[in-house]
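Just so we're aligned: the sequence shown equals residues 2 to 234 in the working numbering.
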Amino acid sequence: MSRSVLVTGGNRGIGLAAARRLAARGDRVAVTYRAGEPPEGLFGVRCDVTDAEQVGAAVSEVEREQGPVEIMVHSAGMTRDRLLFSMPEEDFRAPLETNLIGAYRLTRLVLRGMLRRRWGRLVFVSSVVALRGEAGQANYAASKAALIGFARSVAREVGTKGITANVVTPGPVDTDMLAVLSEERRTELARTPVGRLGRPEEVAAAIAFLTGEDAGFVTGVVLPVDGGAGMGA
Ligand code: NDP
């Protein structure tokens with residue numbers, strides 16, 4: 002069955018890999034983008050998830066184009082790394098706005114259609130850092146940990162309505178987010194039990210499972226895709 006999908010942050014990195022994977026299985030996939038052009042072959046809606054008005058307009062546009070959103074993947078995310086002692090409040094808030102409150106804005110809107118149809122799949126892209134913490138990422142880790150509590154609460158609220166809410170916690174994945182780091186830091190991150198960084202497509206595979214027709218009894222799950230980096234956390 003072809004489902005109507007919205008992937009935030011679907012223009013790059015993990016979001017794009019997920020969007021392409023779901024499109025390849027026959028879903029109708031829209032992605033958000035903030036600047037430039039959307040990726041070829043995918044329906045793009047301009048949307049900054051920190052802006053409630055833009056989120057509302059984007060969801061309406063997607064619904065007009067391909068019908069009510071049945072699968073929502075929130076991959077839009079950002080870091081603003083700083084050690085806590087030198088982190089101004091503005092820098093603490095920024096990742097919360099995108100990673101967590103962005104998810105809240107999107108979820109409320111797409112849930113309406115899912116509740117009407119009594120079918121839906123929500124997937125939130127968190128991080129291994131949510132559970133392990135990371136020096137310089139108190140803001141990011143807090144936003145990603147909160148996303149787990151958020152998803153599990155939603156899972157409990159709408160579970161009987163055919164809607165699931167799950168979380169993936171990627172470890173270090175080779176995308177633009179890591180490209181800004183020093184070579185030394187990347188090498189350090191690549192020392193996962195699997196011995197390398199992850200690929201966006203590997204996270205996309207987990208998202209494909211969680212959003213699939215067969216995953217109706219899988220909800221509130223926190224699924225690591227991290228090469229073992231989070232083992233024990
Ligand atoms: P990228 O930096 O490649 O992509 C980030 C994506 O988020 C882009 O599509 C970007 O859009 C979008 N985005 C950021 N801020 C906003 C916003 N305010 N509104 C709309 N879109 C926004 O990173 P990844 O693909 O690696 O990251 C995807 C998700 O995976 C993030 O949530 C990240 O935290 C998480 N993650 C990544 C890991 C990694 O190692 N790469 C590890 C664990 C989790 P634009 O092009 O407009 O900037």
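We put the beta carbon where it would ideally sit given N, CA and C, even for glycine.
- Cβ contact annotation for V60 (same chain, cutoff 8 Å, sequence separation greater than five): L7, V70, L107, L110 and V111, in chain order.
- T220 and A156 have their C-alpha atoms roughly 6 Å apart.
- For the alpha helix (DSSP H) assignment, the uninterrupted runs of no fewer than 4 residues enclosed by the region 7 to 71 are, from N- to C-terminal side, 14 to 25 and 53 to 67.
- For R35, the shortest C-beta to heavy atom distance toward the ligand NDP is below 7 Å.
- In the three-state reduction of the DSSP assignment, P194 falls in the coil class.
- Look at D92: its beta carbon is at least 7 Å from all of the heavy atoms in the ligand NDP.
- By the Cβ neighbour-count rule, T99 is buried, with 16 or more other Cβ atoms within 10 Å of its own.
- Residue range G121 to V126 is occupied by the beta strand (DSSP E) that includes G121.
- By the 16-neighbour rule on beta-carbons within 10 angstroms, V50 is buried.
- Within the region 105 to 186, the runs of alpha helix (DSSP H) at least 4 residues long that lie entirely inside it are, in chain order, 130 to 133, 139 to 159 and 177 to 180.
- Where P201 is concerned, the enclosing alpha helix (DSSP H) starts and stops at P201 to L211.
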